[in-house]
Amino acid sequence: MKHRFSFALTVAALAALAAMVAVPAQAAADEVTVYTTREPALIQPLLAAFTAQSKIKVNTVFVKDGLLERVKAEGERSPADVLMTVDAGNLLDLVEGGVTQPVKSAALDSAIPANLRGADGSWYSLSLRARVLYAEKNLALKSFRYEDLADPKWKGKVCIRAGQHPYNTGLIAAMIAHDGEAKTEQWLRGVKNNLARKATGGDRDVARDILGGICDIGLANTYYVGHMKASKEGTDARKWGDAIKVIKPTFANEKSGGTHVNISGASVAKHAPQRANAVKLLEFLVSEPAQNMYAQANYEHPVRKGVALDPVVAQSIGELKIDPLPLTEIAKHRKQASALVDKVGFDR
Amino acid sequence: MTGRSAFRRRPVGALWQGTSVLIALGVLAPVVSLIWLALGADWAHWTHLVQYVLPDAALNTALLMAGVGVLTLVIGTGCAWLVSAHDFPGRKVLHWALLLPLAMPAYIVAFAYLDLLHPIGPVQGALRWMLGYSSPREWRLPDLRSMGGAVFVLGFVLYPYVYMTARAMFMTQPAHLMEAARMLGESRWGAFRRVALPMARPALAVGLSLALLETLNDIGASEFLGVNTLTVAVYTTWITRTDLAGAAQIACSMLLVVVALVWMERHARRHQRYGSAQRMRAIQPERLHGVKAWLAALFTTVPVLIGFAAPAAYLCWESYKRLSQGQGVSTGLWMSLGNTLTLALGVTVVTVIAGLIVAWATRNSVSTRAPSRWQARVATLGYAIPGTVLAIGLLTPALAMDAGIARLLHLPGLPLMALGVVLVVACCIRFLVIPVGGIESGLQRIPATLEQASRLLGETAFGTLLRVHLPLLRPAIATSALLVFVDAMKELPATLLLRPANFDTLATWLYAEAARGTYEEGAVAALLIVVAGLLPVVLLARTQLQPGAQPLENHPE
Numbered sequence: 038m039k040h041r042f043s044f045a046l047t048v049a050a051l052a053a054l055a056a057m058v059a060v061p062a063q064a065a066a067d068e069v070t071v072y073t074t075r076e077p078a079l080i081q082p083l084l085a086a087f088t089a090q091s092k093i094k095v096n097t098v099f100v101k102d103g104l105l106e107r108v109k110a111e112g113e114r115s116p117a118d119v120l121m122t123v124d125a126g127n128l129l130d131l132v133e134g135g136v137t138q139p140v141k142s143a144a145l146d147s148a149i150p151a152n153l154r155g156a157d158g159s160w161y162s163l164s165l166r167a168r169v170l171y172a173e174k175n176l177a178l179k180s181f182r183y184e185d186l187a188d189p190k191w192k193g194k195v196c197i198r199a200g201q202h203p204y205n206t207g208l209i210a211a212m213i214a215h216d217g218e219a220k221t222e223q224w225l226r227g228v229k230n231n232l233a234r235k236a237t238g239g240d241r242d243v244a245r246d247i248l249g250g251i252c253d254i255g256l257a258n259t260y261y262v263g264h265m266k267a268s269k270e271g272t273d274a275r276k277w278g279d280a281i282k283v284i285k286p287t288f289a290n291e292k293s294g295g296t297h298v299n300i301s302g303a304s305v306a307k308h309a310p311q312r313a314n315a316v317k318l319l320e321f322l323v324s325e326p327a328q329n330m331y332a333q334a335n336y337e338h339p340v341r342k343g344v345a346l347d348p349v350v351a352q353s354i355g356e357l358k359i360d361p362l363p364l365t366e367i368a369k370h371r372k373q374a375s376a377l378v379d380k381v382g383f384d385r
Numbered sequence: 117m118t119g120r121s122a123f124r125r126r127p128v129g130a131l132w133q134g135t136s137v138l139i140a141l142g143v144l145a146p147v148v149s150l151i152w153l154a155l156g157a158d159w160a161h162w163t164h165l166v167q168y169v170l171p172d173a174a175l176n177t178a179l180l181m182a183g184v185g186v187l188t189l190v191i192g193t194g195c196a197w198l199v200s201a202h203d204f205p206g207r208k209v210l211h212w213a214l215l216l217p218l219a220m221p222a223y224i225v226a227f228a229y230l231d232l233l234h235p236i237g238p239v240q241g242a243l244r245w246m247l248g249y250s251s252p253r254e255w256r257l258p259d260l261r262s263m264g265g266a267v268f269v270l271g272f273v274l275y276p277y278v279y280m281t282a283r284a285m286f287m288t289q290p291a292h293l294m295e296a297a298r299m300l301g302e303s304r305w306g307a308f309r310r311v312a313l314p315m316a317r318p319a320l321a322v323g324l325s326l327a328l329l330e331t332l333n334d335i336g337a338s339e340f341l342g343v344n345t346l347t348v349a350v351y352t353t354w355i356t357r358t359d360l361a362g363a364a365q366i367a368c369s370m371l372l373v374v375v376a377l378v379w380m381e382r383h384a385r386r387h388q389r390y391g392s393a394q395r396m397r398a399i400q401p402e403r404l405h406g407v408k409a410w411l412a413a414l415f416t417t418v419p420v421l422i423g424f425a426a427p428a429a430y431l432c433w434e435s436y437k438r439l440s441q442g443q444g445v446s447t448g449l450w451m452s453l454g455n456t457l458t459l460a461l462g463v464t465v466v467t468v469i470a471g472l473i474v475a476w477a478t479r480n481s482v483s484t485r486a487p488s489r490w491q492a493r494v495a496t497l498g499y500a501i502p503g504t505v506l507a508i509g510l511l512t513p514a515l516a517m518d519a520g521i522a523r524l525l526h527l528p529g530l531p532l533m534a535l536g537v538v539l540v541v542a543c544c545i546r547f548l549v550i551p552v553g554g555i556e557s558g559l560q561r562i563p564a565t566l567e568q569a570s571r572l573l574g575e576t577a578f579g580t581l582l583r584v585h586l587p588l589l590r591p592a593i594a595t596s597a598l599l600v601f602v603d604a605m606k607e608l609p610a611t612l613l614l615r616p617a618n619f620d621t622l623a624t625w626l627y628a629e630a631a632r633g634t635y636e637e638g639a640v641a642a643l644l645i646v647v648a649g650l651l652p653v654v655l656l657a658r659t660q661l662q663p664g665a666q667p668l669e670n671h672p673e
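Residue numbers (the working numbering), protein chains in the order written: chain A, 38 to 385; chain B, 117 to 673.
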């Protein structure tokens, strides 16, 4: 029996050795590795364009949750060069978690407005998305304030995704920053009372449920409008998109007067083995051609001034007047916002 | 010959035990790392959790598990008994078709039903047309996004776990016991209730616990249908509040409850033994006639229709629409299929071998005083922790070991992570309970006298395993292997966190489509998951449901 075991052990050891040999040697100089919570299909065209231009190969790891934990655990041996997320809060978590490093780049600083990047160069916004109102297309409604969502006249007519989703906690955090926690709680209770169905599903479900007669209005992100309204005639998505019109809400608050936006953004990883390539990639992503692709292929609002919107987006949403509240200020209130969602039982 | 003396005399036995202990420690590593995390944080947020989060989440979890438990038990046991002890129209097809929902990931079924049952979907559209309404604003059904909807979806997807184990048990139950009960005056129902059902209890417990742990673990379907369970609470605490320690605390408390439940079930039947050395003669199905036959056919057809046929037809239709619009199957998708199959195969081989080692080392057929059986119980833990939380727990120990090995061999980066070894280990930890449970209950049914005879005739413990038990365990091993394969193919959360660069599986592909809110674009990927899952399920049906699969058929007289 002993022989059989030692034979098995030898085989296992040999297999392990063979596997080790197969490990690629130190990443070549013409590579860059991106860890992202963004869906790869959305950024793949951008990354392909970068590779075509720079001859630098891009490796991607799409991580859903736990990006921070993974990079932390990988430590100084981590192959990650660029960390890319949606939602400012997620990005700032990475910075606070100590897995990023500041970089200096005139190209980045000149392309991105100061309120959309870290002052020390530790994080950068790459694209913008606003939280807007989807309304049944025949509804007589010209303007809207986020506060109106709690108005009893909308009872049983509001659809929205889970309150705990970062898109919503971001908005609630912004409201806390504007009006304080007590007022925001009252507002959230009002919105909860107005819900037509459970706070669940995705942003596009708002449009679909408006078509399905479940609700009349709801909050969702801008780029889905482009996706739906630009879909082929006859597809489901196009029908949902055609059922709604978009209104850009503002805060009632005087100092605001703008629409709540969130970002997708990126940082350079603290132990990036290809730091120079990482910076090159970021600089490419805010260059004019790449920002054009963000607008045309993803229906997002570019961060760079002077880049044209996608025609469908331009027609159904148009330029944004952004709430001037700094993203860092909003991110500060995010945990408070999440606790508030629990407290009022918004997702219950 | 007690286990202890054998243990002392034979180094092979020690090696065997040692390996088993090592495997158990591997499973424990992420758990310990989670407990470490949980203890390292403050408990201040528990006032908030206890006040606003946990009561509702615990109630939801209890309701969901109770609902799914009842549904899977009734459907699984009912169908298994109907096709085992009765003959009716369609039985020949149904007895294997009842396994088909195993190929369906719960989150895909949830997506499918939300579309099918949406006010603007085909079902409500047809109903409105029949009732003469023109718009959903005039009339519509209640929303699927509710507790009832989640019980419906999960119950009809997960019942095969119970069906499969119950069916295997009923098939191999000795007919003479049932006949004795009938001769003693029991009705057919009474004999089922008082003989067949209690005999099937270990199998039902295994099946039911798999279904319930799947329910507890589910994040896709229940979150999508708006049911906030404890698992969802763990997520929210971790992701939204960036409070990993708090999430670990909730996860550890959930784990305690699971361990307590499993222990209670085992404790309740600790003195029962289910082995029988009698030569088996399987129950002969009784032919049903008239209304009874049609009711039996209906009862067994509905689960297949709801759990498989309707969502599969929906996926086919959606895929057809995509493909006819000129969206081909990309090379990336084919590569994902390859990755999925490779990963599932690797996970299956590793998990089944590990499971066999643990189950054999902790068996109690001869060595009743064997060192201890804690390894086998530990194996349950992996399945009880939500996939992402398990993966998070594994990150620190696995990557520390990875870095250590790399340093030792002067390799760059993190080789085990880059090769996907960490991912395979995570899946193995997650699914270990399947082969351990399956092989254990298989071992329980092999009479201890066989092992005693073999050992008395001079065979070693290992030789006894090879020459006596392995042939008898073949069906149990095949079943476990196929189940692990199907589960590994559907695995999503651990893969999302631990995969190497540029590595996609069908599940992550589909998730990616769902993540950008275009899940209907993922129809092709979803269909591929189902199609690739069908083969093992059909094989499963063959190994499980063939008369030749009876574990004791070849048992020498």
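By construction, the Cβ of each residue, glycine as well, lies at the ideal position given by its N, Cα and C atoms.
Excluding residues up to 5 positions away in sequence, C196, R198 lie with their Cβ nearer than 8 Å to the Cβ of A:D242 in the same chain. Comparing C-alpha distances from B:G554 to each of B:P502, B:I473, B:F619 shows the shortest one belongs to B:I473. One thing to note: B:L214 has its Cβ within 7 Å of the Cβ of B:Y279. Going by beta carbons, B:P551 and B:T456 fall outside the 7 Å limit. Identification of chain B residues near A:T237 by a Cβ-Cβ cut-off of 8 Å yields R261, E339, F340, L341, G342, ordered along the chain. Bounds of the alpha helix (DSSP H) holding B:I191 are 170 to 201. Per DSSP, reduced to three states, the secondary structure at A:L377 is helical.
Pairing A:E337 with A:R154 gives a Cβ-Cβ distance that is not under 7 Å. Bounds of any beta strand (DSSP E) do not take in B:G553; it lies within the alpha helix (DSSP H) bounded by 549 to 560. Looking from the CA of B:A219, the closest CA among B:L598, B:L626, B:P563, B:E629 belongs to B:L598. Separation of the CB atoms of B:Y223 and B:A349 is rounded to 19 Å, and the pair is thereby denied contact status at 8 Å.
Residue range 68 to 73 is occupied by the beta strand (DSSP E) that includes A:T70.
By a beta-carbon distance limit of 8 Å, A:S162 does not contact A:I359. Their separation comes to about 11 Å.
Nearest CB-CB separation between B:G529 and chain A: below the 7 Å threshold. Taking 8 Å as the upper bound for CB-CB distance, A:I209 and A:V378 are in contact here, some 7 Å apart. The alpha carbon of A:I247 has as its nearest neighbour, out of A:A172, A:N96, A:V95, the alpha carbon of A:A172. Shown here for B:A604: same chain residues with a beta carbon closer than 6 Å to its own, the five before and five after excluded, namely A460, V463, C543 in chain order. Note on A:Q223: under 16 other CB atoms within 10 angstroms of its CB, so exposed under the neighbour-count rule. Any Cβ of chain B closer than 7 Å to the Cβ of A:P116 would place that residue at the interface, and such an atom is present. The beta carbon of A:V98 sits closer than 8 Å to those of T70, V71, Y72, T73, A117, all from its chain and outside the five residues before and after it, given in chain order.
Taking a C-beta cut-off of 8 Å against chain A, the contacting residues of the stretch 439 to 455 of chain B are Q441, listed in chain order. According to DSSP, A:H338 shares a beta bridge with A:L165.
Put simply, the stretch 300 to 309 of chain A touches the stretch 130 to 149 of chain A. At least three CB pairs are less than 8 Å apart. Contact between B:Y275 and B:T188 holds, with the beta-carbon distance rounding to 4 Å and staying under 8 Å.
Shown here for A:F383: same chain residues with a beta carbon closer than 7 Å to its own, the five before and five after excluded, namely G200, L225, K229, A236 in chain order.
Pairing B:A413 with B:G206 gives a Cβ-Cβ distance under 7 Å.
Here the stretch 493 to 508 of chain B lies against the stretch 361 to 373 of chain B, with 3 or more beta-carbon pairs under 8 Å apart. Non-local C-beta neighbours of B:V225 in its own chain, meaning closer than 6 Å and more than five positions away in sequence, comprise V269, V273, P427, ordered along the chain.
About 5 Å separates the Cβ atoms of B:S435 and B:L643, confirming a contact at the 8 Å cut-off.
A straight-line Cα-Cα distance of about 19 Å links B:E339 and B:D359. For A:A303, the uninterrupted beta strand (DSSP E) segment begins and ends at 298 to 306. Fully contained in the stretch 162 to 250 of chain A are the following alpha helix (DSSP H) runs of length 4 or more, in chain order: 203 to 216, 218 to 231, 241 to 248. Cβ neighbours of A:E113 within its own chain (closer than 7 Å, five residues either side excluded): H308.
Under a criterion of Cβ atoms nearer than 9 Å, no residue of chain A is adjacent to B:N333; the nearest Cβ is some 15 Å distant. Under the DSSP assignment, B:F204 falls outside any alpha helix (DSSP H); it carries neither an H nor an E label. With a 10 Å radius around the Cβ and a threshold of 16 neighbouring Cβ atoms, B:R357 comes out buried.
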